[in-house]
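Novice:
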Amino acid sequence: MSAPTPENALSPAGRFAPSPSGDLHLGNLRTALAAWGFARATGRRFLLRVEDLDRVKQGAAERNVADLRELGLDWDGPVALQSERIPLLLDRVRTLTDAGLTYECYCTRREIHAAASAPHGIPGAYPGTCRELSAAERERRRAQRPPALRLRAEVTEFAVRDELAGPFTGAVDDMVLVRNDGTPAYNLAVVVDDAEQGVDQVVRGDDLLPSAPRQAYLAALLGHPAPSYAHVPLVLGPSGERLAKRDGAVTLRELRELGYSTGDVLTWLATSLGIEQPVRTTADVLEHWDPSAWLREPTAFQPWPERRTG
Ligand code: GLU
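Sequential numbering from 0 applies to the sequence shown in numbering that gives the first Met the number 0.
#1: Count the other CB atoms within 10 Å of the CB of G310; is the residue buried (16 or more) or exposed (fewer)?
#2: For the ligand GLU, any of its heavy atoms closer than 8 angstroms to the Cβ of V191?
#3: Output needed for P297: all residues of its chain with C-beta closer than 6 angstroms, excluding positions within five of it in sequence on either side, in chain order.
#4: Pairing CB atoms from the stretch 69-83 with CB atoms from the stretch 157-167, are three or more of them under 8 angstroms?
#5: Indicate the three-state DSSP secondary structure (helix, strand or coil) for H112 in the structure shown.
#6: Taking the alpha-carbon of E6 as reference, which of P290, V198, H287 and K244 has the nearest alpha-carbon?
#7: How about V249: is its Cβ closer than 8 angstroms to a heavy atom in the ligand GLU?
#8: For L23, which option in V278, L254 and L272 has the closest C-alpha, if you only look at C-alpha atoms?
#9: Terminal residues of the continuous alpha helix (DSSP H) containing F37?
#10: Say whether the stretch 185-202 touches the stretch 128-138, bearing in mind that this needs 3 or more beta-carbon pairs closer than 8 angstroms, one atom from each stretch.
#11: Using the three-state DSSP reduction, which class does G262 fall into: helix, strand or coil?
#12: Any heavy atom of the ligand GLU within a distance shorter than 8 angstroms of the CB on A282?
#13: Thinking just about the alpha-carbon of each residue, which of A269, S210 and L46 is nearest to the one in L187?
#14: Nearest to M174 by CA position, among R139, L88, A184 and D289, is which residue?
#15: Say yes only if the C-beta of Y216 is nearer than 8 angstroms to one or more non-hydrogen atoms of the ligand GLU, and no if none qualify.
#16: What do you reckon, are the CB atoms on N179 and P145 nearer than 9 angstroms?
#17: Mind checking if P86 is an interface residue toward chain C, Cβ cutoff 9 angstroms exclusive?
#18: Using C-beta distances below 6 angstroms, list every residue in its chain close to T266, excluding the 5 sequence neighbours before and after it, in chain order.
#19: Once DSSP output is grouped into helix, strand and coil, what is the label at V73?
#20: How big is the Cα-Cα spacing for G42 and S271?
#21: For E240, does the count of other Cβ atoms within 10 angstroms reach 16, so buried, or fall short, so exposed?
#22: List the whole-angstrom C-beta distance separating L251 from L28, where the pair is believed to meet the contact cut-off of C-beta under 8 angstroms.
#23: Taking just the CA atoms, how far does Y102 sit from R310?
#24: Could you name the residues of the same chain whose beta carbon sits closer than 8 angstroms to that of L242, not counting the 5 residues immediately before and after it, in chain order?
#25: Let me know the secondary structure DSSP gives Y185 once reduced to three states.
#26: To the nearest angstrom, report how far apart L163 and G273 are at their CA atoms.
#27: Ordered along the chain, which non-local residues of its own chain (more than five positions away) have a Cβ less than 8 angstroms from that of P302?
#28: Let me check understanding here. Comparing Cα to Cα, which of V154, Q57 and T281 lies closest to A170?
#29: Would you kindly report the start and end of the unbroken beta strand (DSSP E) that includes V49?
#30: Using 8 angstroms for Cβ pairs, my map puts P17 next to V49. What's the rounded Cβ distance?
#31: For G36, count neighbouring C-beta atoms within 10 Å of its own C-beta (all shown protein chains included) and say buried if the count is 16 or more, exposed if not.
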């Protein structure tokens, strides 16, 4: 029997990577459609990866997958569960540790917050409190509190290029790689999984654009080129905040209950991306594929009125 082909030896891929914290709303569905379209329009494989390392709601992953299928998206291979990939993720952390690129951090959330909001702190960035502790001090602190593991970053910013946003330079700090409960942290997991799964195209909501520089930097430390990025403007609720459940009927199921078809939802998703031609199916989306013409502003969601039939 021949050895299985490593995932990243397969042809390059795009992906959608939902966190199963609830049902997908129009904003999530729109990102999924964009990610699928970017992959298919460029001849890539398209992967679905459920990021279930935290914020998991019972049954949400299954419903997320069912909704994407109903929308007409297809993907290659089985749905990957991040929780099944933890040994791989921790193995890559060991590579960084062996290279002297990690350190233990014993700070509480409150300590980090206080230090990061000190007059000379970079807002939101970890100020490096635990970076240079002596072995004896680490020993003492470890007995009080299980440590998280942080990256010993050697830069404070990094540049990426985004297909939609253009060149973007953002902050890199000593990000958490492994949380103090032993679970791989988001930035580490996303970088390792993308690289190991052969993902070279990352399409997602532009709330994650500020994370792209630190992720590209981490990828470089692990010996991987940065993927191509496309960060899609968000759908905002009536309050101007990112769309959420409180904004009314925003999931496929809820809109179906109001009397709308999946085609109606696809029409809205495509129009809100900036596709001006009529779209009823995912095939229509590909036929009119031209992200250079897409809207670069967030979309304001207005509640959909109930649709009376008959
Ligand atoms: N799982 C993340 C989320 O749903 C997305 C991660 C990513 O696309 O990089 O917010």
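All C-beta atoms, glycine included, are put in the ideal place defined by N, C-alpha and C.
Specialist: The short version:
#1: Limits of the chain in this structure are 0 at one end and 309 at the other, which puts residue 310 out of reach.
#2: Position 192 of the sequence shown holds residue 191. Flag unset: Cβ of V191 not near the ligand GLU.
#3: Position 298 of the sequence shown, counted from the start, is the residue given in the question as residue 297. P232, L233 and L235.
#4: The answer is no - the stretch 157-167 does not touch the stretch 69-83, with fewer than three Cβ pairs under 8 angstroms.
#5: Numbered from 1 along the sequence shown, position 113 holds the residue referred to as residue 112. Correct three-state label for H112: helix.
#6: The residue labelled residue 6 in the question sits at position 7 within the sequence shown. Answer by Cα proximity: V198.
#7: Counting from one through the sequence shown, the residue named residue 249 turns up at place 250. The answer is no for V249.
#8: Numbered from its first residue, the sequence shown carries residue 23 at position 24. Comparing Cα positions, the closest option is L254.
#9: The residue you call residue 37 lines up with position 38 of the sequence shown. Where F37 is concerned, the enclosing alpha helix (DSSP H) stretches over L25 to A40.
#10: With a cut-off of 8 angstroms on Cβ pairs, the stretch 185-202 is not in contact with the stretch 128-138, counting fewer than three such pairs.
#11: In the sequence shown, counting from the first residue as 1, residue 262 sits at position 263. Residue state, collapsed to three classes: helix.
#12: If you number the sequence shown from 1, residue 282 lands on position 283. In this structure, the C-beta of A282 stays at least 8 angstroms away from each heavy atom of the ligand GLU.
#13: Position 188 of the sequence shown, counting from 1, holds the residue named residue 187. Nearest C-alpha to L187: S210.
#14: Counting from 1 along the sequence shown, the entry for residue 174 is found at position 175. Of the candidates R139, L88, A184 and D289, the one whose C-alpha sits nearest the C-alpha of M174 is A184.
#15: Numbered from its first residue, the sequence shown carries residue 216 at position 217. Checking every heavy atom of the ligand GLU against the Cβ of Y216, none is found closer than 8 angstroms.
#16: For this step, residue 179 is matched to residue 180 along the sequence shown. For this step, residue 145 is matched to residue 146 along the sequence shown. For N179 and P145, yes; Cβs fall inside 9 angstroms.
#17: The structure shown has no chain C; it contains just one protein chain.
#18: Residue mapping note: residue 266 aligns to position 267 of the sequence shown, counting from 1. The residues V278, in chain order, have a CB closer than 6 angstroms to that of T266 in the same chain once the five nearest residues on each side in sequence are set aside.
#19: Position 74 of the sequence shown, counting from 1, holds the residue named residue 73. Contrary to the premise, residue 73 reads as Asp rather than Val in this sequence. Coil, per DSSP.
#20: If you number the sequence shown from 1, residue 42 lands on position 43. If you number the sequence shown from 1, residue 271 lands on position 272. One alpha carbon belongs to G42, the other to S271, and they sit about 24 angstroms apart.
#21: As a working mapping, residue 240 is identified with position 241 in the sequence shown. The residue is exposed, with fewer than 16 neighbouring Cβ atoms inside 10 Å.
#22: Position 252 of the sequence shown, counted from the first residue, corresponds to residue 251. Position 29 of the sequence shown, counted from the first residue, corresponds to residue 28. Confirmed, about 7 angstroms.
#23: The first residue shown for the chain is 0 and the last is 309, placing residue 310 beyond what the model contains.
#24: Numbered from 1 along the sequence shown, position 243 holds the residue referred to as residue 242. For L242, same chain residues with a beta-carbon under 8 angstroms away, outside a window of 5 residues either side, are H24, L25, G26, L233, V234, L235, G236, V249 and F300 in chain order.
#25: Your numbering for residue 185 matches position 186 in the sequence shown. Collapsing the DSSP output to three states places Y185 in a helix.
#26: Sequence index remark: in the sequence shown, residue 163 carries index 164 (1-based). Sequence index remark: in the sequence shown, residue 273 carries index 274 (1-based). Taking the straight line joining both Cα atoms gives about 12 angstroms.
#27: Counting from one through the sequence shown, the residue named residue 302 turns up at place 303. These residues qualify, in order along the chain: P237, D246, G247 and A248.
#28: Your numbering for residue 170 matches position 171 in the sequence shown. In terms of CA proximity to A170, V154 leads the group V154, Q57 and T281.
#29: Within the sequence shown, numbered from 1, the residue matching residue 49 stands at position 50. Note, V49: beta strand (DSSP E), R44 to V49.
#30: Your numbering for residue 17 matches position 18 in the sequence shown. Your numbering for residue 49 matches position 50 in the sequence shown. About 6 angstroms separates the beta carbon of P17 from that of V49, a gap short enough to meet the 8 angstroms contact definition.
#31: What you label residue 36 is simply residue 37 of the sequence shown in a count that begins at 1. That one is buried.
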